[in-house]
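Notes follow the structure.
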Amino acid sequence: MEDKLKEYEVIIGLEVHAELATKTKIYCNCSTEFGSDPNTHCCPICTGMPGVLPVLNEKVVEFAVKMGLATNCEIAKFSKQDRKNYFYPDLPKAYQTSQYDLPLCNNGHVDILVNGEHKKIGITRIHIEEDAGKLIHDEFTGSTLVDMNRCAVPLIEIVSEPDIRSAAEAIEYMQTLKGILEYLEVCDCKMQEGSLRCDVNLSVRKYGAPKFGTRTETKNLNSFKSIQRSIEFEIRRQIEEIENGGTIYQETRRFDDSKGIGYAMRTKEDAHDYRYFEEPDLAPIVLSEEYVKNIKNNLPEMPNARKTRYMKQYMLSEYDASQITNSKILANYFDNTVSLCDNPKAVTNWIMSDFSKMLNESGIEINQSKITESNLANLIKLIDTNVISSAMAKKVFIEMFETGKDAKEIVEEKGLVQITDESAILKIVEQVVNENDQSVSDYLAGKDKAIGFLVGQIMKLSKGKANPKTVNELLIKVLENKK
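Residues 991 to 1473 (our numbering) are what the sequence shown spells out, left to right.
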């Protein structure tokens, strides 16, 4: 199967849905707050009762235009809203108010960095629409309940061109969009709450084939892990089906994250199946040049601009700068820590290695960690002033992560202050040299690796407190004197 995978090109396009961070819904004054009791944030308008009239929330348009400008889109001065007709139990109107042929934003792109290579991913369109409600399936009674709180929460849908060629590119594209949304503050991007989710359109074809293969759409993926696993599963499924003489059908699919498998839901609809027509209860959206220009002039610093600044100002590598600036939360944490300790390289190293690993294992964001910017800055200062060694710092960091205590407090409690006095270290060095004749002989015979054992013994005898640089300098000096 691995050999067959290499024979096929993967074609992926993503439809990303981002809930907008407005206080009220798209066509009424109901709250968009997440987590409230079921059916407490709904009214006749958002539940589609007969005779009601929607009124478009102006903030929704503003947020959509911001995202369009930040992703290099053309902003339509004239657009309209349409009814997308389909029946589902959590869609009480039996249609969704969306945009069809005249969306707000068109023909954009974002740049991503994957495996050191730059790639441009085209954005076909960004349009506004309302979210549906939520079905809650009760496993004990076998019944299904409907919560209308999410009905008419405003969304933007970001539709990419089929420019993505791997799961890695899809993840990087999603992370890039997430970063832009966070910087603009138009979406909270809480994927676990469904604020940011995507549908994956995927097909495969033999390299050199003139046409795309038949695509499937896997719906409502709301974590990077799910996106990656669903793509990898669907690639293998389609190739195996083709190789076995089967047929790929255009269908809508779901991915079961707990089982790691996808399954078909229904035959995929085409646009004509939705019977789109212009929403008669809403006027067209007409934007002036001045309106768009004003939004553009007030956009905040975007991730790419911040990345470039970090590379110039702090001499960070492009990869490190990209990883840090993809998240506004992470970039702010970085800036705040650097301002306190004035050592951007050390801050980068901690964030990209130990800190990142522990955050991933804990499943939390950096701003949810017990290690504040001040805590990390103080740890770096202790290393820079030779109060503790780098090896000690790793142990201190673990306790900081677990307890939230400041580095200095932990060092004092555990007596971890580094030994920097040369005369004290020299005594330990001489003792180890005198007690390890064989290793000394090996070193003198040209076996440089023997020095590693001696250093280890010195650090062990000093309980890890001896300054490593001083240890190495004094050890070599003592050994050289024995020649």
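Glycine residues also receive a C-beta, built at the ideal position from the N, C-alpha and C atoms.
- No Cβ-Cβ contact shorter than 8 Å links L1171 with P1290.
- With contacts defined by Cβ atoms closer than 8 Å, T1315 and P1334 do not form a contacting pair.
- Judged by beta-carbon spacing, M1138 lies within the 8 Å limit of N1029, meaning their Cβ atoms are closer than that value.
- Rounded to the nearest whole angstrom, the CA to CA distance from C1036 to V1143 is 9 Å.
- By the neighbour-count definition (other C-beta atoms within 10 Å, threshold 16), G1003 is a buried residue.
- In this structure, DSSP gives V1055 a helical state, which the three-state scheme calls helix.
- Under the three-state reduction of DSSP output, S1150 falls in the strand class.
- DSSP places V1401 in the uninterrupted alpha helix (DSSP H) bounded by A1397 to K1404.
- If you compare the alpha carbons of N1284, Y1309, R1265 and N1357 with that of T1087, the shortest gap goes to R1265.
- At a Cβ-Cβ threshold of 8 Å, I1113 and V1136 do not count as neighbours.
- If you check the CB distance, K1070 and G1038 do not come in under 8 Å.
- E1280 and E1064 have their C-alpha atoms roughly 15 Å apart.
- A residue is called buried when at least 16 other Cβ atoms come within 10 angstroms of its Cβ; F1077 does not meet this threshold and is exposed.
- In this structure, I1221 sits near A1157, with a CB-CB distance shorter than 8 Å.
- In this structure, N1365 keeps its C-beta atom at 8 Å or more from the C-beta atom of M1348.
- The segment 1117-1131 and the segment 1090-1104 touch, with three or more beta-carbon pairs separated by less than 8 Å.
- Just measuring C-alpha positions, the residue of G1184, D1263, H1108 and E1151 sitting nearest G1123 is G1184.
- Remark: C-beta atoms of A1367 and L1320 do not approach each other more closely than 8 Å.
- Taking one beta carbon from each stretch, the segment 1124-1133 and the segment 1160-1169 have fewer than 3 pairs nearer than 8 Å; the two do not touch.
- Pairwise C-beta distances place the segment 1004-1020 in contact with the segment 1042-1056, as three or more of them are shorter than 8 Å.
- Its Cα nearest to that of F1324, the residue I1370 stands out among K1286, N1350, I1370 and N1284.
- If you look at L1320, you'll find it isn't in any beta strand (DSSP E); it sits in the alpha helix (DSSP H) that goes K1318 to C1331.
- Looking at A1381, N1326 and S1216, the one whose alpha-carbon comes closest to that of I1356 is N1326.
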